[in-house]
Amino acid sequence: MSDVTSGRASLAGSSGYSEGSTGEYRPDPLEYEVPRAQGAGLNGIAPAPHMERAEHFQAVREGRLGSVHSWELVTAMDGPGTRATVFFSGCPLRCVYCHNPDTLYMRKGTPVLLEDLMDRLRRYKTIFKVTDGGVTFSGGEPLMQPAFLANLLRACKEEGIHTTIDTSGNLGVNCSDEMLADIDLVLLDVKAGDQQTYFKTTKAQLEPTIAFGDRLAQLGKRVWVRFVLVPGLTDKKENIETVADIVARWPNVERVEVLPFHQMARDKWDVLGMEYELEDVEPPTPEKTEAAREVFRSRGIETH
Ligand code: SF4
């Protein structure tokens, strides 16, 4: 997920993948092209050695190989403590405010072996422990590569590392109960409260996110919700109230983060040659952002 908190992933490229968002991932055949190794943003993780096509598919199917955009160490972002955030490549949504449009295409990521990524993450175990931090799998959309994600989650838990996924919930059907058992915290983006606004914002359906949120609530899984306030798009009073009502029925949500839209990713869209719909949109005022937070607080939800 690449909302306004995570416009940090470095630029890698884009292409013309398009996919509806029905909650079920149906890959464009091109998504399974063997990605070109780029190495950008991998900071010490070697791209996987070249594999023949059949071998590559087998490794992807088995979750031994994934397409990764980049990773970084962060503090007080993407979950508690100091964290290694791993940005997966590929996302089924097309959010108009996406701050990492360079993570949208799986085939544009760098192929990385599970063991190489885990070798890197293991190095920070002491920092994770001292700061009550861990690893956050973000993107893009981590649930677009469920086998790879499942193996990473399992490997982290075997190492005693706290795990978080940062997701829109659109591909919640890809998250098995076994995977959920290995996830300590879910950062769930609820981008709008009604289908019309959700579609304008993401070009996708809202229902899978609600279904995933309901499932997390039934399981009592820890969740932090994120909502991006975009003037003229998601800032209508009715929309904010509907999102707040949805979240209020999930008692497992520990906090909501209302994130004011900003323009820090505009250059990325330009460089990628992608049409950017929010060219002229100003960030919301601090007062409007605070007023939106109050809507959530009025429902008894801890909100930042
Ligand atoms: S398009 Fe994907 S990566 Fe970008 S903000 Fe939306 S969910 Fe996140």
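Yeah, the sequence shown ends on 304 if you go by UniProt numbering, and it's all consecutive. Ideal Cβ positions, reconstructed from N, Cα and C, are used throughout, including at glycine.
If only uninterrupted alpha helix (DSSP H) runs of at least 4 residues are considered, those enclosed by the segment 194-255 are 195-202, 207-219 and 237-248. Under the DSSP assignment, A292 falls in the alpha helix (DSSP H) whose first and last residues are P286 to R297.
If you compare the alpha carbons of V186, L114 and R299 with that of D214, the shortest gap goes to V186.
Between the segment 187-194 and the segment 242-262 there are three or more inter-stretch CB-CB distances shorter than 8 Å, so the stretches are counted as touching. Contact between the segment 114-134 and the segment 247-258 is absent: fewer than 3 CB-CB pairs across the two stretches fall below 8 Å. For G220, the closest alpha carbon among the candidates T202, P231, D177 and N239 is that of D177.
According to DSSP, residue pairing for S70 in a beta bridge involves F87. For L153, same chain residues with a beta-carbon under 7 Å away, outside a window of 5 residues either side, are T163, M179, D182 and I183 in chain order. One alpha carbon belongs to R299, the other to P47, and they sit about 47 Å apart.
When the alpha-carbon of E159 is set against those of R64, K125 and R293, the nearest one is in K125. The C-beta distance from D235 to K288 rounds to 7 Å, short enough to fall under 8 Å.
Selection R266, G133, D78 and R61 evaluated against D189 yields D78 as nearest (Cα-Cα).
Secondary structure of F57 (DSSP, three-state): helix. Counting along the chain, the unbroken alpha helix (DSSP H) around P146 starts and ends at P146 to E158. The beta carbons of L42 and K203 sit no closer together than 8 Å. Per the coordinates, the alpha-carbon of S67 lies some 16 Å from the alpha-carbon of E52. Per DSSP, the unbroken alpha helix (DSSP H) holding F128 starts and ends at K125 to T131. Less than 8 Å separates the beta-carbon of V253 from that of I301.
V135: not part of any alpha helix (DSSP H); member of the beta strand (DSSP E) spanning G134 to S138, first to last residue. In this structure, N174 has its CB at a distance of at least 7 Å from all heavy atoms of ligand 1. N252 has its Cβ no nearer than 7 Å to any heavy atom of ligand 1. Nearest Cα to L143 within the set P208, T110, I161 and Y97: P208. Judged by DSSP in its simplified three-state form, D189 adopts strand.
Sequence-distant partners of Y97 (beyond 5 residues in either direction) whose C-beta falls short of 7 Å from its own C-beta, in its chain, are V4, V228, V230, F261 and L278. Scanning its chain for C-beta atoms nearer than 6 Å, with the 5 sequence neighbours on each side dropped, one finds around V86 the residues W71 and F137, in chain order.
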